[in-house]
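Throughout, the working numbering is defined as the position within the sequence shown, counted from one, plus 5.
We treat Cβ as the ideally placed atom computed from N, Cα and C, and that holds for glycine.
Since this is a predicted model, take the numbers as computed values, not measurements.
Written out below as structure tokens is the structure these notes cover.
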Amino acid sequence: MPCATCGDIIPTEVTRCPACGAWARRRDFRAVGVAVFMLLGFNAFIALGSGISLIRLIRPLHRATHDTYDPARTAEALAPYTDVFVICAVMAGVTGLLYLAWLWRAYGQSPGPHRHHRAWVLLGWFCPLVNLWVPPRIVYDVWVTSGRFRAPQRHAAAMIVTGWWTCAVLGVGLAKVFTLSSVHTLAEARFAVHVGVAATACQALAAALCMATVFEITREQR
Numbered sequence: 006m007p008c009a010t011c012g013d014i015i016p017t018e019v020t021r022c023p024a025c026g027a028w029a030r031r032r033d034f035r036a037v038g039v040a041v042f043m044l045l046g047f048n049a050f051i052a053l054g055s056g057i058s059l060i061r062l063i064r065p066l067h068r069a070t071h072d073t074y075d076p077a078r079t080a081e082a083l084a085p086y087t088d089v090f091v092i093c094a095v096m097a098g099v100t101g102l103l104y105l106a107w108l109w110r111a112y113g114q115s116p117g118p119h120r121h122h123r124a125w126v127l128l129g130w131f132c133p134l135v136n137l138w139v140p141p142r143i144v145y146d147v148w149v150t151s152g153r154f155r156a157p158q159r160h161a162a163a164m165i166v167t168g169w170w171t172c173a174v175l176g177v178g179l180a181k182v183f184t185l186s187s188v189h190t191l192a193e194a195r196f197a198v199h200v201g202v203a204a205t206a207c208q209a210l211a212a213a214l215c216m217a218t219v220f221e222i223t224r225e226q227r
């Protein structure tokens, strides 16, 4: 069959044009990529808004003293943010399911070589300990095998994937610390607010970097 990009003849047993690298059998999944991209953007927006709201609590707490500090009032002010983190976790779960469907198809269209079997696209997220390092390796392999990249481009992709995964893990861990923090003393309240700000910042940055990976991989596989 002729290539839709350069017109060269593509053998039936291959999936990409030998001349230009275009896909021979286009399985366009841009709609799924766009949906994942938009959901990630919404997650980043919610996390960023929550972080900005928490920053506004830092100045009153720094002005407070041990005599003027009111634990009950602070706990009441921070309680909605615990609910926000729960909502963000639910949204991340929904986004993650669609992301896995997108990544499964992206893995199938990338020619490889891959360091992990396709089954690990799903298993790598749910197996304890393994889920700390397998998912970013799979995403990186899919990215760099979806196109023709030079060494600097591969290094840039590795930095983006590493940054995304590091921020995602830190965001989950810091959010858990925030929800378990107490505000019985002024020092504990200040610590909780700072941890909450750090958690929202990591979550927003993780979503933004993940958006970059989804955009680049989908664009390369068009």
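Rounded straight-line distance, which links the Cα of residue j to that of residue i
i    : j    : result
A184 : M96  : Per the sequence shown, residue 184 should be read as Thr rather than Ala. Near 17 Å, if we compare the C-alpha coordinates of M96 and T184.
L45  : D72  : 43 Å
L294 : R61  : A query on residue 294 cannot be resolved here, the shown segment of the chain reaching from 6 to 227 and no further.
T167 : A212 : 13 Å
G54  : V39  : 22 Å
A41  : M164 : Position check: residue 41 holds Val in this sequence, whereas Ala was assumed. Approximately 21 Å between the Cα atoms of the pair.
A94  : A180 : 10 Å
S151 : W109 : 13 Å
V126 : G113 : 10 Å
A173 : C207 : 7 Å
R153 : W130 : 27 Å
R68  : R195 : 11 Å
A106 : S58  : 33 Å
G117 : D146 : 7 Å
P65  : G178 : 26 Å
R120 : P140 : 11 Å
L214 : I51  : 15 Å
Run of the alpha helix (DSSP H) containing residue i, from where it starts to where it stops
i    : result
T87  : P76 to Q114
D146 : V139 to V149
P157 : A156 to L185
L134 : Looking at the DSSP string, L134 is not in any alpha helix (DSSP H), and its letter there is neither H nor E.
L191 : L191 to E225
H67  : I63 to R68
V41  : R35 to I60
Given 8 Å, three or more beta-carbon pairs between the stretch 216–223 and the stretch 76–93
no
Contact between the stretch 73–81 and the stretch 187–194 (3+ Cβ pairs under 8 Å):
yes
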